[in-house]
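Working notes for the structure below.
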Amino acid sequence: MPVTAPTAPSATATASPASHTYNDPTRQNWAFGHRAIPKLIGEVQSADEALQLQALHSLTCRLHEPVDVQEALVAGAVPAISQLLSHAKSLARARAVEIVVLLTEHEQGRAAVLGHSHVETLIKLIADPAEAVRGHALQALWNLSQRTEQVQQIYTTSPHVIDHLLRAVTAEQSRSYQLLTRVLETLLHFFHHGGPPVVAHTLKLGALTTLTKLLKSHVGGQAVRAAAAEDLAAICIHVTTLPDVAKQAHDAGLVPVLVETMDDPFGAVRAAAVQAAMALSIHVASKQQLVAGGVAEKLVRMVGEDQDEELLMNALTAIASISEDYTARYAFQDVIGLIEQLKAHPNRAVAKAAASAMQVVQWRP
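For what it's worth, the working numbering labels the leading residue of the sequence shown as 19, then goes sequentially.
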């Protein structure tokens with residue numbers, strides 16, 4: 019059977035970049051094989067803006083497999099998008115930052131981005147007027163801050179990242195709760211992996227006061243409140259090594275806010291609030307404030323009513339810490355039976371926390 023030749027395009031037809039086969043991400047391999055990604059990266063640097071945008075879009079559709087990410091890195095994807103991160107058009111910026119997000123989902127991509135100047139640009143883009151750009155910039159920083167050595171590298175070269183993130187906490191409260199949650203989660207990475215230097219930096223900027231006000235305001239949904247409480251817990255862990263933690267916690271009125279938050283309808287929020295109270299209770303004066311604020315009553319209720327394992331573990335650990343204050347020790351007498359039962363809990367962490375709590379609650383001088 020004779021093969022029918024394709025019909026030639028009309029002489030009056032107008033060529034459009036969007037009409038090319040290679041601009042369909044699902045057909046690029048069919049059209050160009052192993053040259054598809056290098057070709058797109060070349061077009062990202064084209065002076066033809068329409069072709070440039072189409073290439074950016076195609077790359078965001080392609081870079082979801084490690085082999086494609088590796089090919090893009092070899093082809094120079096990281097330096098290729100440098101100027102586009104600061105492009106005048108928000109769509110181009112958004113696409114370029116989205117490519118950074120896709121690259122930083124892989125270890126080699128994170129190393130490549132950290133080795134370039136993109137971190138400084140990403141930090142600036144946290145305050146971009148376009149929500150899509152801010153969202154991708156925050157996601158990229160979240161990806162880049164998952165390991166201690168990466169956080170230390172970012173903080174050493176760009177310590178002002180903390181300033182920008184804290185400003186974003188305030189700014190996103192009136193713009194996007196979803197992005198606000200991501201800001202708080204990214205800060206948590208820096209608290210966990212950056213240690214005392216990062217926490218001390220945030221204290222100088224009034225982070226504890228800012229986060230306490232956020233938690234008290236009930237702005238946002240469950241995710242925002244849980245993330246804010248987790249950030250507070252990460253700061254309060256340093257209460258014995260950084261004197262400003264206890265002072266700012268007292269000045270910000272953190273204790274009554276945490277005690278109130280323990281009645282939150284969402285278990286994840288209650289668990290985070292207990293975690294923060296537990297961390298703060300290591301400090302003797304803060305422990306006394308928690309006891310005076312009625313924390314014992316809240317913890318008793320949790321042990322008796324909650325089934326969430328993380329919440330139970332946090333509550334039992336908090337009971338063990340707070341019971342070192344003799345006045346609180348007697349407040350937990352009514353739940354000794356429940357704590358005893360929890361020593362047989364199938365979750366080993368809960369059972370261990372129950373055993374520790376029982377030992378402290380029953381201790382007598």
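We treat Cβ as the ideally placed atom computed from N, Cα and C, and that holds for glycine.
This one's a predicted model, so the numbers in the text were calculated from it and none came from an experiment.
Exposed unless 16 or more other CB atoms sit within 10 angstroms - verdict on residue i
| i | result |
| --- | --- |
| A303 | exposed |
| E248 | buried |
| R193 | exposed |
| T44 | Annotation note: pLDDT 49 at T44 (below 50); position unreliable, no value reported. |
| I253 | buried |
| R382 | exposed |
| S339 | buried |
| A145 | exposed |
| I354 | exposed |
| H178 | exposed |
| S104 | exposed |
| T316 | Note that residue 316 corresponds to Lys in the displayed sequence, not to Thr. K316 comes out buried. |
| T30 | Reliability of the predicted coordinates at T30 is poor, the pLDDT of 37 falling under 50, and no value is obtained from them. |
| T188 | exposed |
| A110 | buried |
| T175 | exposed |
Nearest-angstrom Cα separation, counted from residue j out to residue i
| i | j | result |
| --- | --- | --- |
| A294 | L250 | 6 Å |
| L132 | E138 | 10 Å |
| N365 | V318 | 20 Å |
| A246 | E327 | 21 Å |
| L221 | Q266 | 8 Å |
| A93 | A54 | 11 Å |
| A336 | A158 | 35 Å |
| L226 | A270 | 7 Å |
| Q282 | D324 | The question names Gln, yet the displayed sequence has Asp at residue 282. Near 12 Å, if we compare the C-alpha coordinates of D324 and D282. |
| V292 | T259 | 21 Å |
| S135 | Q101 | 11 Å |
| D352 | A290 | 24 Å |
| L308 | P147 | 42 Å |
| L143 | N332 | 37 Å |
| F208 | S235 | 24 Å |
| E125 | P84 | 10 Å |
| K107 | R113 | 10 Å |
| V217 | V273 | 19 Å |
| A362 | A310 | 31 Å |
| A65 | H75 | 16 Å |
| N47 | E89 | For N47, the pLDDT reaches just 48, beneath the cut-off of 50, and the residue's location in the model is therefore unreliable, leaving the point undetermined. |
| L329 | M280 | 10 Å |
| L71 | V201 | 28 Å |
| T123 | E67 | The residue you asked about is not Thr; residue 123 is Glu in the sequence shown. The straight-line gap from Cα to Cα measures roughly 27 Å. |
| V277 | G312 | 7 Å |
| N161 | P261 | 31 Å |
| V115 | Y344 | 55 Å |
| G213 | H268 | 22 Å |
Sequence-distant residues of the same chain with beta carbon closer than 8 Å to residue i, five excluded per side
| i | result |
| --- | --- |
| L334 | V321, I357, L360, V368, A371, A372, S374, A375 |
| L197 | E149, R152, G153, L156, A186, E190 |
| Y195 | V237, G238, G239, A241, V242 |
| P215 | Y173 |
| Q171 | L132 |
| G51 | For G51, the predicted structure reports a pLDDT of 46, less than 50, and the residue's modelled location is therefore unreliable. A value from the coordinates is still provided. Closer than 8 Å at Cβ, skipping near neighbours: no residue. |
| L206 | A245, E248, D249, A252 |
| S284 | Note that residue 284 is Phe in the sequence shown here, rather than Ser. Excluding sequence neighbours, F284 sits near Q240, R243, A244. |
| Q380 | I354 |
Nearest-angstrom Cβ-Cβ length linking residue i and residue j, presumed shorter than 8 Å
| i | j | result |
| --- | --- | --- |
| V7 | A98 | It is not possible to answer for residue 7, since the shown part of the chain is limited to 19 through 383. |
| L140 | L81 | 17 Å between Cβ atoms; not a contact. |
| L91 | G60 | Their Cβ separation, rounded to whole angstroms, is 15 Å, which puts L91 and G60 out of contact at 8 Å. |
| V96 | A130 | 5 Å |
| S163 | T199 | S163 to T199, Cβ: 15 Å. No contact. |
Cutoff 6 Å; reference residue i; Cβ partners in own chain excluding five residues on either side
| i | result |
| --- | --- |
| A314 | A346, A349 |
| A264 | V257, H301, S304 |
| H211 | T166, V169 |
| L77 | L58, I117 |
| I255 | A297 |
| V275 | T230, L233, K234 |
| D181 | none |
| S299 | K305, L308, S339, I340 |
Interface flag, residue i vs chain D, CB-CB below 8 Å
| i | result |
| --- | --- |
| E203 | As a matter of chain content, chain D is missing from the structure shown, which is built from one protein chain. |
Close Cβ partners of residue i (< 7 Å) along its chain, the five nearest in sequence each way excluded
| i | result |
| --- | --- |
| A286 | Q240, A244 |
| L184 | T220, L223, A225, T228 |
| V378 | A338, S341, E342 |
| D86 | I55, R80 |
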